[in-house]
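Just so we're aligned: the sequence shown equals residues 2 to 254 in the working numbering. The beta carbon of each residue, even a glycine, is placed where N, CA and C say it ideally should be.
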Amino acid sequence: MKVTALNKKKGFTLIELMVVIGILAALASIGYGPILDHMNDGDRQKASSNLNSLHKVLQGFKSDNGSYPCDSTAERLQEEKPDLNFGALTGDTSNAYFRQVYYSPSNVSEKPFFAKVSCNGLAVATEGDEKLANGAALTRGENAMAYVMHKNSEDPNMKDGVTKSNAPLALCGIYPSTTPYVGDTVAFDGSSFRGHAFLLSCDGSVKDLERDLEEDESSDGDKYILPSGKSLFPETKKGRSTADGYLILSPEK
Numbered sequence: 002m003k004v005t006a007l008n009k010k011k012g013f014t015l016i017e018l019m020v021v022i023g024i025l026a027a028l029a030s031i032g033y034g035p036i037l038d039h040m041n042d043g044d045r046q047k048a049s050s051n052l053n054s055l056h057k058v059l060q061g062f063k064s065d066n067g068s069y070p071c072d073s074t075a076e077r078l079q080e081e082k083p084d085l086n087f088g089a090l091t092g093d094t095s096n097a098y099f100r101q102v103y104y105s106p107s108n109v110s111e112k113p114f115f116a117k118v119s120c121n122g123l124a125v126a127t128e129g130d131e132k133l134a135n136g137a138a139l140t141r142g143e144n145a146m147a148y149v150m151h152k153n154s155e156d157p158n159m160k161d162g163v164t165k166s167n168a169p170l171a172l173c174g175i176y177p178s179t180t181p182y183v184g185d186t187v188a189f190d191g192s193s194f195r196g197h198a199f200l201l202s203c204d205g206s207v208k209d210l211e212r213d214l215e216e217d218e219s220s221d222g223d224k225y226i227l228p229s230g231k232s233l234f235p236e237t238k239k240g241r242s243t244a245d246g247y248l249i250l251s252p253e254k
């Protein structure tokens, strides 16, 4: 029987299959990045919005107590309200100092401390509890915000609240550390916001640090750092860096 061109079947050659696979892979690589960026838009907007809310909370605390949360305010609050117990109020994590806001007269929920981050064992996927019970404020997973403090000039074991209006007050998107970062040594998480991170200043402004960061070449793309010569902190009138006088406390890991 003679096979005609109409019923003769022809499969793809290996070369043709490889070409098709290559084209599909190229299209996927082009489209995947923008898709992820779009998916992260909401997470970034939420982080920025919550930093604005956090500023109002911390300003309220400062108005009531004369300073942002620090070691001296913790001591006074514990003396004034010994019956309250929301957890440690000092230490090496931002959770501890942020807990002090619940000793203030203001009615504060845990929502301003939320951001959808995931890095190096830190995962914040819930917006915290609306109501607080003793011992339950800002437990691990309910705070994604880092806190900026000032070194005490007389006692190295004490931490003070920042005072300059143009100084950083909080950060979102840092790479978690069990010990405080000193000034500009801070590292940022490249996985949570795809290279973005956010800085809240004492004046209430929120800045996206994307253009100020560069990939840490030793980290396989999951960590970003400040380029040499770049600083998050205000200079003195003579142009000198003040970064070494600041500490950045990570969320509880």
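| Asked | Found |
| --- | --- |
| CB contact below 9 angstroms: Asp65 versus chain B | Annotation note: the requested chain B is absent from the structure, which comprises a single protein chain. |
| Spatial distance of Ile24 from Gly246 (CA atoms) | 53 angstroms |
| Per DSSP, the bridge partner or partners of Cys173 | Met146 and Phe199 |
| Given Glu72 as reference, the closest of Phe194, Met150 and Ala188 once Cα atoms are compared | The amino acid at residue 72 is misidentified as Glu; the sequence shows Asp. Of Phe194, Met150 and Ala188, the residue nearest in Cα terms is Met150. |
| For Asp72, the three-state DSSP class (helix, strand or coil) | helix |
| The stretch 197 to 211 touching the stretch 47 to 63, judged by at least three CB pairs closer than 8 angstroms | yes |
| Short Cβ contact (9 angstroms threshold) for Ile175 with Ser54 | no |
| Under the three-state DSSP convention, the category Thr164 falls into | coil |
| Beta strand (DSSP E) segment containing Ala188, residue limits | Ala188 to Asp190 |
| Contact belief for Gly191 with Glu215 at Cβ below 8 angstroms, rounded distance in angstroms | No, Gly191 and Glu215 are not in contact; Cβ-Cβ is about 11 angstroms, not under 8 angstroms. |
| Where Lys158 falls, given that 16 or more other Cβ within 10 Å makes a residue buried | It should be noted that the sequence gives Asn, not Lys, for residue 158. Asn158 comes out exposed. |
| Straight-line Cα distance separating Pro177 from Lys160 | 19 angstroms |
| At least 3 beta-carbon pairs within less than 8 angstroms: the stretch 78 to 92 vs the stretch 110 to 119 | no |
| Cα-Cα separation between Ala244 and Tyr69, rounded to whole angstroms | 19 angstroms |
| Where Leu112 sits in the DSSP three-state scheme | Position check: residue 112 holds Lys in this sequence, whereas Leu was assumed. Helix. |
| Whole-Å CB distance - Thr179 paired with Lys254, under 8 angstroms assumed | 6 angstroms |
| The stretch 218 to 236 touching the stretch 162 to 175, judged by at least three CB pairs closer than 8 angstroms | yes |
| Whole beta strand (DSSP E) elements within the stretch 204 to 229, 3-residue minimum | 207 to 209 and 224 to 226 |
| Among Arg100, Gly43, Ser50 and Met19, nearest to Ile205 - alpha-carbon criterion | Note that residue 205 corresponds to Gly in the displayed sequence, not to Ile. Answer by Cα proximity: Ser50. |
| For Lys152, three-class secondary structure by DSSP | strand |
| C-beta contact flag for Ile226 and Pro181 at 9 angstroms | no |
| Candidates Lys152, Asp223 and Glu155: closest to Ala337 by CA position | Because the chain is modelled from 2 through 254, residue 337 falls outside the range shown and cannot be assessed. |
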